[in-house]
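Below is one structure, written out as structure tokens; the observations come after it.
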Amino acid sequence: MADMIRQPIGVFDSGVGGLTVVRALMERIPFEDIIYFGDTARVPYGVKSVETVTQYAVEITDFLLKKGVKLLVIACNTVAAVAGDAVRSRSPMPVLDVIDAGARSAVRETRSGHIGVIGTPATINSNAYARAIHALDPATRIFSQACPLFVPLVEEGWLDHPVTRITANEYLKPVLAEHLDTLVLGCTHYPLLKPLLGEIAGPEVHLVDSGEAMADATADLLAELHLGNPRREKPSYSCYVSDVPFRFQTMAERFLGRTIGHVELVKL
Ligand code: DGL
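Right under this line is the structure:
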């Protein structure tokens with residue numbers, strides 16, 4: 005146990021999107037070491053089959069467990085939705101995922117009980133958010149919308165581009181017609197679109213950012229399991245990827261809101 009508390013937290017996503025979760029973790033638990041894995045060679049996951057995403061998720065889980073992480077954070081809604089159980093059954097370490105955190109936050113925020121969820125096609129088709137939210141409050145009504153074009157638009161850095169605005173208006177129209185007061189950003193790429201989505205949804209709709217919800221859940225679990233790192237020094241952050249695509253560094257720094265050091269390429 006004494007050794008375990010000093011081990012890093014493992015965080016992963018299909019690409020750079022999970023860095024929105026890392027950013028929230030850095031702010032919320034600033035003394036924890038973090039190892040991040042982004043499967044940049046195989047992104048996007050959101051349009052792939054359950055079998056493929058599960059196989060990828062298991063490979064990444066093994067990689068991070070070998071690195072000696074004390075806790076695994078699935079910072080990808082798509083993985084959490086279709087392969088969360090596979091990761092949990094593989095890991096002797098505790099596993100947290102964004103869907104659980106996002107669902108809790110949505111139920112806490114809503115007053116009207118009308119909750120919108122946007123995500124990748126795999127996440128929306130899995131119905132994982134509706135199940136998680138209904139398990140917490142069966143009286144809520146969920147309105148879901150898959151937004152397959154958002155991930156490529158974000159990866160391209162078109163965060164406030166007219167094309168993104170038109171696309172967002174189109175995707176959000178049917179869900180906003182349901183008089184929501186809460187909209188879950190059910191993909192870790194989407195917090196980068198928060199200003200634009202907030203403008204379209206209007207001030208009466210609360211946007212649930214899975215990164216912030218995840219950071220709170222991680223801090224709570226570390227406290228509950230007495231796994232928080234007591235050291236009060238500058239933590240170490242490592243970033244591993246399966247490919248270094250053209251815009252990776254720029255996008256990663258935008259996701260993280262700070263410069264990143266060395267990014268290591270690994271083959272799983
Ligand atoms: N960031 C991933 C998620 O949260 C989606 C990206 C992808 O489609 O790979 O679902």
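Numbering (our numbering), first residue to last: 5 to 272.
All C-beta atoms in this analysis are idealised placements derived from N, C-alpha and C, irrespective of residue type, glycine included.
Annotation for Val155: the continuous alpha helix (DSSP H) segment containing it runs Phe154 to Glu159.
With respect to Ile137, Ala110 sits close: the two C-beta atoms are nearer than 8 angstroms. Taking each of Asp164, Arg135 and Thr65 in turn and checking the Cα distance to Ala85, the smallest one comes out for Arg135.
Runs of the alpha helix (DSSP H) lying entirely within the region 104–161 and spanning at least 4 residues, in chain order: 125–130, 132–140 and 154–159. Rounded to the nearest whole angstrom, the CA to CA distance from Gly161 to Val248 is 16 angstroms. DSSP, reduced to helix, strand and coil, places Thr186 within a strand of the structure shown.
Separation of the CB atoms of Ile38 and Val57 is rounded to 23 angstroms, and the pair is thereby denied contact status at 8 angstroms. DSSP, reduced to helix, strand and coil, places Phe252 within a helical segment of the structure shown.
Here the C-alpha atom of Ala227 lies approximately 14 angstroms from the C-alpha atom of Ile13. Taken through DSSP and simplified to helix, strand or coil, Ile78 comes out as strand. In this structure, DSSP gives Ser93 a helical state, which the three-state scheme calls helix. Here Lys52 is buried. Its C-beta has 16 or more other C-beta atoms within 10 Å. In the DSSP annotation of this structure, the continuous segment of the beta strand (DSSP E) that includes Ile13 starts and ends at Ile13 to Asp17. Distance from the CA of Pro166 to the CA of Pro142, rounded to the nearest whole angstrom, comes to 38 angstroms. Sequence-distant Cβ neighbours of Ala223 in its own chain, meaning closer than 7 angstroms and more than five residues away, are Arg32 and Ile33. Between the ligand DGL and Ser130, a heavy atom-to-CB distance of less than 7 angstroms is absent.
Here Ala181 is exposed. Its C-beta has fewer than 16 other C-beta atoms within 10 Å. A contact is defined here as three or more CB-CB pairs under 8 angstroms, and the region 145–159 fails this definition with respect to the region 213–223.
For Ser246, the shortest separation between its Cβ and any heavy atom of the ligand DGL does not lie below 7 angstroms. With a contact defined as Cβ atoms closer than 8 angstroms, Gly42 and Thr127 miss out at about 18 angstroms.
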